[in-house]
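Down below is the structure, laid out as structure tokens.
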Amino acid sequence: MPEPLAHRILIVGGGTAGWMCAAALSRRFAAANLHITLVESEQIGTVGVGEATIPHLRYFNERLGFREPDFLQATNATYKLGIEFINWGQVGEAYIHPFGVFGKDFRDVDFHHLWTRHRQEHPEDSLFDYSISVLAAANGKFAYPSGKKNDLLSEYSYAFHIDASRYATFLRRHAESWGVKRVEGKITQVHQHTDTGDITKLTLDNGTALEAEFFIDCSGFQSLLLSKTLNTDFIDWSHWLPCDRAIAVPTSSDGPPPPYTKSIAHSAGWQWRIPLQHRTGNGHVYSSNYMSDDEALAILRKDLPGEELAEPRQLKFTAGRRRHTWVKNCLAVGLSSGFLEPLESTSIYLIQAAIMKWMEFFPRTGDNQVRRDEFNQQMNMEYERIKDFLILHYHATRRADSPFWNYCRTMDVPESLRISMDMFRKVGYLKPYKHGLFMVPSWVAVLIGQGIIPNSWHPAVNEWDADALRINMEKLKQQMKAAASQLPDHLTALQRHCTTTNSNVEPWPKAAMSLYSVFS
Amino acid sequence: MNNKNPIEHLLIAGRGFTPLLTALFLQKKWGSLAPRMTLLQCGENPDPPVISCVSSIKQFHKELGIAEKDFVRKTEASFHLGTLYQFSDDRPEFFMCEAPYGVNLRAIRFNHWYTRYLNAGQRAQLDDFCMNAQLAKRGHFAPTSPKPESVYSQICYGYKLLSERYSNYLLAQLKPGFDMLSDEIQEIQTDLNGIHTVHFSNGKSISADLYIDCSRERLLNSALTGTCSEPSKEDWRIEVTPEYGLGPPHNLLTLGNDKLIFTTQLHGKTYHQEVTCNPNQLPKWQLDPQPWQKNCVTIGPATSNRPALLIDPLHLVASSLFRLYTSWPTTMDFETPAAIYNESFSDEWSRIADSDSLHAWAACNRNDKDLTDAAKHRMRVFINDGRIPPYENETMTEDQWATLFFALGIKPKVADPLSEGSDDHWLVAQLDKLKETLQAAAQQAPTMEIFYQNEVIR
Numbered sequence: 001m002p003e004p005l006a007h008r009i010l011i012v013g014g015g016t017a018g019w020m021c022a023a024a025l026s027r028r029f030a031a032a033n034l035h036i037t038l039v040e041s042e043q044i045g046t047v048g049v050g051e052a053t054i055p056h057l058r059y060f061n062e063r064l065g066f067r068e069p070d071f072l073q074a075t076n077a078t079y080k081l082g083i084e085f086i087n088w089g090q091v092g093e094a095y096i097h098p099f100g101v102f103g104k105d106f107r108d109v110d111f112h113h114l115w116t117r118h119r120q121e122h123p124e125d126s127l128f129d130y131s132i133s134v135l136a137a138a139n140g141k142f143a144y145p146s147g148k149k150n151d152l153l154s155e156y157s158y159a160f161h162i163d164a165s166r167y168a169t170f171l172r173r174h175a176e177s178w179g180v181k182r183v184e185g186k187i188t189q190v191h192q193h194t195d196t197g198d199i200t201k202l203t204l205d206n207g208t209a210l211e212a213e214f215f216i217d218c219s220g221f222q223s224l225l226l227s228k229t230l231n232t233d234f235i236d237w238s239h240w241l242p243c244d245r246a247i248a249v250p251t252s253s254d255g256p257p258p259p260y261t262k263s264i265a266h267s268a269g270w271q272w273r274i275p276l277q278h279r280t281g282n283g284h285v286y287s288s289n290y291m292s293d294d295e296a297l298a299i300l301r302k303d304l305p306g307e308e309l310a311e312p313r314q315l316k317f318t319a320g321r322r323r324h325t326w327v328k329n330c331l332a333v334g335l336s337s338g339f340l341e342p343l344e345s346t347s348i349y350l351i352q353a354a355i356m357k358w359m360e361f362f363p364r365t366g367d368n369q370v371r372r373d374e375f376n377q378q379m380n381m382e383y384e385r386i387k388d389f390l391i392l393h394y395h396a397t398r399r400a401d402s403p404f405w406n407y408c409r410t411m412d413v414p415e416s417l418r419i420s421m422d423m424f425r426k427v428g429y430l431k432p433y434k435h436g437l438f439m440v441p442s443w444v445a446v447l448i449g450q451g452i453i454p455n456s457w458h459p460a461v462n463e464w465d466a467d468a469l470r471i472n473m474e475k476l477k478q479q480m481k482a483a484a485s486q487l488p489d490h491l492t493a494l495q496r497h498c499t500t501t502n503s504n505v506e507p508w509p510k511a512a513m514s515l516y517s518v519f520s
Numbered sequence: 001m002n003n004k005n006p007i008e009h010l011l012i013a014g015r016g017f018t019p020l021l022t023a024l025f026l027q028k029k030w031g032s033l034a035p036r037m038t039l040l041q042c043g044e045n046p047d048p049p050v051i052s053c054v055s056s057i058k059q060f061h062k063e064l065g066i067a068e069k070d071f072v073r074k075t076e077a078s079f080h081l082g083t084l085y086q087f088s089d090d091r092p093e094f095f096m097c098e099a100p101y102g103v104n105l106r107a108i109r110f111n112h113w114y115t116r117y118l119n120a121g122q123r124a125q126l127d128d129f130c131m132n133a134q135l136a137k138r139g140h141f142a143p144t145s146p147k148p149e150s151v152y153s154q155i156c157y158g159y160k161l162l163s164e165r166y167s168n169y170l171l172a173q174l175k176p177g178f179d180m181l182s183d184e185i186q187e188i189q190t191d192l193n194g195i196h197t198v199h200f201s202n203g204k205s206i207s208a209d210l211y212i213d214c215s216r217e218r219l220l221n222s223a224l225t226g227t228c229s230e231p232s233k234e235d236w237r238i239e240v241t242p243e244y245g246l247g248p249p250h251n252l253l254t255l256g257n258d259k260l261i262f263t264t265q266l267h268g269k270t271y272h273q274e275v276t277c278n279p280n281q282l283p284k285w286q287l288d289p290q291p292w293q294k295n296c297v298t299i300g301p302a303t304s305n306r307p308a309l310l311i312d313p314l315h316l317v318a319s320s321l322f323r324l325y326t327s328w329p330t331t332m333d334f335e336t337p338a339a340i341y342n343e344s345f346s347d348e349w350s351r352i353a354d355s356d357s358l359h360a361w362a363a364c365n366r367n368d369k370d371l372t373d374a375a376k377h378r379m380r381v382f383i384n385d386g387r388i389p390p391y392e393n394e395t396m397t398e399d400q401w402a403t404l405f406f407a408l409g410i411k412p413k414v415a416d417p418l419s420e421g422s423d424d425h426w427l428v429a430q431l432d433k434l435k436e437t438l439q440a441a442a443q444q445a446p447t448m449e450i451f452y453q454n455e456v457i458r
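Protein sequence lines correspond, in order, to chains R and P. Sequential numbering from 1 applies to the first sequence in my numbering. Sequential numbering from 1 applies to the second sequence in my numbering.
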């Protein structure tokens, strides 16, 4: 008989990470009859990370059996087709990194080669005019991707802007109905086995002792179990990702919510703007080496879309990750395992990735070394690949208007990133990874969006003479423009999809673990 | 403005199907931008007498504009559903193929359900749940159905064919406009950019922009690397066996006694290829970890001396050609294209080496120290959790790795934890029903001989 699964699981911390774990475990392991307890304290606030998400969250929700209209309504969500980056490559420039592909590939050659050649004679042409998601986002449109393969309107995916605390509440309601036991209290002591070092139990401020076979640390930045108890060291990436502070403030909205996130670069960091149904999330991420807290707050306040709805809240962090995510009988999920700034909305994705992978390598009562090593290796790969992509945003800039941007532009980057940028610059090549989050279309968006244009292109695109190429590019652009313009307004689509009472609600597409498509 | 192919003249050296496939692929892929090509027939013919190829050849042929019916008729190719693994010890035989084994249930891969099925005391083999295996064991054949709801949609097949006929067929497909030379290379003049001129024994010489070496002896590449490969000795034994007619729709691989013996039957002959594996030093069949050097790329036999029947040589050539096309030079600076090509090639070959080492391991002493690190890693994770760790540039899918492990008698200790808790009776009933469905469908399909008569010859 196989070794039995670890049976008693204790989750430390509520918030998005804690309740995503609790809901996923209770739902997916319903038949295994696990005993899942979540301990949290109302006295400890949650960070509420990741109000902007990426399309993978749809897959997580689908696995848990949530109806998309219920989720939209519960979290006051809006749709998200990508992120607009303003002032990143240079002050005054902007582009949208879409959840979709660009143009149509030609003879197994990526579309950006075609565009690079076309651009030689038409320098005003924008790659972003060949993306349905960008055209829809920029015009405030939204519709579900069509289910027909090779249709222009099928080549994108979508995510959401959500109220993370409402998402936690939504998850909690379901998790508790699926058998999760919630315990209120603050942890005062963590007990470890004297020989193995495994965590054995936690003592709460009211004297209650909570025992378990396995512990999930969702305690946020304090990393109560993984770091403070098990002393797992931190790999510091702040020399590549120098922002270490954020100030967040919600405001009222100034109009219909756009179906995309805004990321506006400032002199020592950047500002987010995340539109929800009932408010707008705002924040300024900055480097304390280059900007004071007061200055950062002043910059944020200068550019808010509405009235402040709460006091600004400051977060301090260091970019990096814990060397291992699963140590002994403890798994860290979310901020307790590492922090990559919210530039590409990866926080909730990393929570989801940790949960989904961990469920594949679920601990058993015997020796877990092999599965622990494999899990850690796979999670490290996730972090490393996202890390390079985030550094790219800071490094691929021509900005020379502040010491912060001078540092970012001239800093040494990881070798893997340097090679990727060199190859793209020289011949337009990007390594087609199979594993990892950000694939070729995302790299193309950021590289070209921030002004790195390949010096040459795949010669296959020379088959068309310049005139034929111009005519075909123009035709494609017009087709995309026409297709995008037919889509309904974002708000109209949202109102239609949000209803839970209408039995004729438009069916939403199946989810896929992809940034660019709803097809698996 | 660059308005043409930077490679204007290409010299492709070697004999057999590899240079012809290379020329045909580049003609098709480049269309009006195809470089001028010179095919230099030199060295010995490295082709095995018979090729057995996997289903990816069909997509490749599509790229080349080759219609299946025409190809099968003219080359008299037969259909190939997989390979029956037999072991010299008392391990049960196993039918290994690319087709799916079972179906995923509740979004959990079938190999986990099969592990649970075994843990529930059931004895059916994994290949009992594979349509290809059921057909092959009966000597039956049916083409892949385009209807996803049909059990025949799971069928995945390649071909068995004679190399010489394939070469002749490819030659006939080539469009005019290339030069064909047959001469001995006398001298290769090099400079800082690589090969400058190839001089022949008849006093003529050729200078090209890019050189593709498909010769087993690496006749061009050796001028740059100084390493001339010794042609590997292929141990083929061919018997005349007219009683077997067309031959079965599969191959045979015998593993054990420090040997891998491949057997295939086609048109009244039986071909055996024997490879000895030294248990203390498992074979390394890759010749060149950096196949693109300066202005010379090695493809096929110049890159590897892998036994032809272990993994389809056509698949490897096709994969190299796609790679060459993807990393095609955009200017006459070859440094970046070579780096792209070599990195991707090296990744792919590392994965192939993992599979090779597993086969040799199973044929020898099953000592883990002989496995590549990645093969060891995969095996450890598979035994522990039934999972296949992710690697880039895999030639096999996750399911195919899992199947290979089962084929070699390596089983996971546990199934996907999400499958636990579901009822054993339900599971056994589901799997038994699936097995019966596949068996009945395989029984209904025609024999390979009848199918061939009706669909190919008629």
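C-beta: ideal position from N, C-alpha, C; glycine also.
* **Exposure label - ALA120(P); buried when at least 16 CB within 10 Å** => exposed
* Asked: Are PHE102(R) and TYR59(R) closer than 9 Å when you measure CB to CB?
  -> no
* Asked: Is ALA442(P) buried or exposed, if buried means 16 or more other CB atoms sit within 10 Å of its CB?
  -> buried
* **Classification of ASN3(P) by the beta-carbon crowding that lies within 10 angstroms, buried from 16 upward** => Residue confidence for ASN3(P) is low, a pLDDT of 48 falling below 50, so the modelled location carries little weight; the figure read from the coordinates is stated next. Exposed, by the Cβ-count rule.
* Asked: Buried or exposed: ILE83(R), going by 16 or more other Cβ atoms within 10 Å of its Cβ?
  -> buried
* Have a look at VAL91(R) and ILE452(R) and give me their C-alpha separation to the nearest angstrom. => 15 Å
* Determine the extent of the beta strand (DSSP E) in which VAL240(P) is found, giving its start and end residues. => 236-240
* Between the Cα of ALA354(R) and those of LEU57(R), GLN478(R) and LEU309(R), spot the shortest distance and give me the residue it belongs to. => LEU57(R)
* Delimiting residues of the beta strand (DSSP E) encompassing THR365(R) -> No beta strand (DSSP E) contains THR365(R), which DSSP labels as neither H nor E.
* Entirely within the region 132-169 of chain P and at least 3 residues each: give me those beta strand (DSSP E) ranges in chain order. => 158-162
* Asked: In whole angstroms, what separates the C-alpha of MET1(P) from that of CYS42(P)?
  -> Confidence in MET1(P) is poor, its pLDDT being 39 and thus under 50, which makes the residue's placement unreliable; the coordinate value appears in the next sentence. Spanning the two alpha carbons is a distance of roughly 38 Å.
* Hey, which unbroken runs of the beta strand (DSSP E) at 3 residues or more fall wholly within the region 120-193 of chain R? -> 159-161, 181-184 and 187-192
* **Segment contact, 8 Å Cβ cut-off, at least three pairs: the region 234-244 of chain P with the region 319-331 of chain P** => no
* Residue range of the beta strand (DSSP E) that LEU105(P) falls in? -> Taken as a continuous stretch (DSSP letters only), LEU105(P) belongs to no beta strand (DSSP E), as it is neither H nor E.
* **Residue interval of the beta strand (DSSP E) (run including LEU324(P))** => Premise fails: LEU324(P) lies in the alpha helix (DSSP H), 313-326, not in any beta strand (DSSP E).
* Asked: Applying a beta-carbon distance threshold of less than 7 Å, which residues of chain P neighbour PHE234(R)?
  -> What PHE234(R) touches in chain P: nothing, since even the nearest Cβ is about 25 Å away.
* Alpha-carbon to alpha-carbon, LYS262(R) and PHE221(R) -> 25 Å
* Quick one: list the residues of chain P neighbouring GLU93(R), beta-carbon separation under 7 Å, in chain order. => Neighbours of GLU93(R) on chain P: none; closest Cβ ~26 Å, over 7 Å.
* For LEU486(R), which option in LYS510(R), THR251(R) and LEU135(R) has the closest C-alpha, if you only look at C-alpha atoms? -> A small fix is needed here, since residue 486(R) is Gln in this sequence, not Leu. Among LYS510(R), THR251(R) and LEU135(R), the Cα nearest to that of GLN486(R) belongs to LEU135(R).
* To do: In angstroms with no decimal places, state the Cα-to-Cα distance between VAL333(R) and ARG323(R).
  => 13 Å
* Asked: In terms of residue numbering, what span does the alpha helix (DSSP H) encompassing GLY197(R) cover?
  -> Looking at the DSSP string, GLY197(R) is not in any alpha helix (DSSP H), and its letter there is neither H nor E.
* Can you pull the chain P residues whose beta carbon is under 9 Å from the beta carbon of GLU360(R), in chain order? => ASP385, ARG387, ASP416, PRO417 and LEU418
* Report yes if the C-beta distance between ASN295(P) and ASP179(P) is below 9 Å; otherwise report no. => no
* To the nearest whole angstrom, what separates the beta carbons of LEU202(R) and VAL327(R), a pair I think is in contact under 8 Å? -> Wrong, their Cβ atoms sit about 16 Å apart, outside the cutoff.
* Going by beta carbon distance, what residues of the same chain come within less than 6 Å of ARG321(R), once the five residues before and after it are set aside? -> ILE235, GLY338 and TYR383
* To do: Please confirm if TYR286(R) has its CB atom under 9 Å from at least one CB of chain P.
  => no
* Give the straight-line distance between the Cα atoms of PHE519(R) and GLY14(P), rounded to the nearest whole angstrom. => 43 Å
* Pull out every residue of the region 2-32 of chain R whose Cβ sits closer than 8 Å to any Cβ of chain P, in chain order. => PRO2, GLU3, LEU5, ARG28, PHE29, ALA30, ALA31 and ALA32
* Can you name the start and end residues of the beta strand (DSSP E) that PRO39(P) belongs to? -> The sequence given here has Leu at residue 39(P), not Pro. Unbroken beta strand (DSSP E) run through LEU39(P): 36-41.
* Just the chain P side, please: which residues come within less than 8 Å of GLN524(R) by C-beta, in chain order? => Missing from the structure shown is residue 524(R); chain R here goes from 1 to 520 and no further.
* **Start-end ranges of the alpha helix (DSSP H) lying completely within the region 358-388 of chain P, minimum 4 residues** => 373-385
* Can you name, in chain order, every residue of its own chain whose Cβ lies under 6 Å from the Cβ of GLY436(R), other than the five neighbours on each side? -> ARG385
* Roughly how many whole angstroms lie between the Cα atoms of GLN290(P) and THR447(P)? -> 46 Å
* Whole angstroms is fine: what's the gap from PHE389(R)'s alpha carbon to ILE9(R)'s? => 34 Å
* Own chain, CB closer than 6 Å to LEU408(P), minus 5 neighbours either side, in chain order -> ALA362
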